[in-house]
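Notes to accompany the following structure.
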Amino acid sequence: GSEGTPLCAAACWGHTEAVRELLAHGADPNLREDHGTGRTPLEWADTGPHPETARVLAAAGAVRRTAE
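If you read the sequence shown in our numbering, its first letter stands for residue -8, the second for the next number, and so on.
As structure tokens, this is what we get:
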């Protein structure tokens, strides 16, 4: 897939526990995947849609991109 980072992939597929573990080990909740869409983990969770995963990311400080 085009999810890029492990956190983006976990968010995309709604693996909330994996998201929690990655965040606990220092994953950046705002690191965009570096190819394709440039989405943030929170944007991937929204795409799912995976609302619980999105809540965990938001609580960790994740943000959605603003229009560029």
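Quick reminder that beta carbons are idealized off the backbone N, C-alpha and C, glycines included.
Local conformation of residue i per DSSP, three classes
i	result
Asp19	coil
Asp25	coil
Thr31	coil
Thr7	helix
Thr(-4)	coil
Ala2	helix
Ala36	helix
Boundaries of the alpha helix (DSSP H) in which residue i is found, first to last residue
i	result
Pro42	Pro42 to Ala50
Local Cβ density within 10 Å of residue i, reported as buried at 16 or more and exposed below that
i	result
Arg55	exposed
Pro40	exposed
Gly17	exposed
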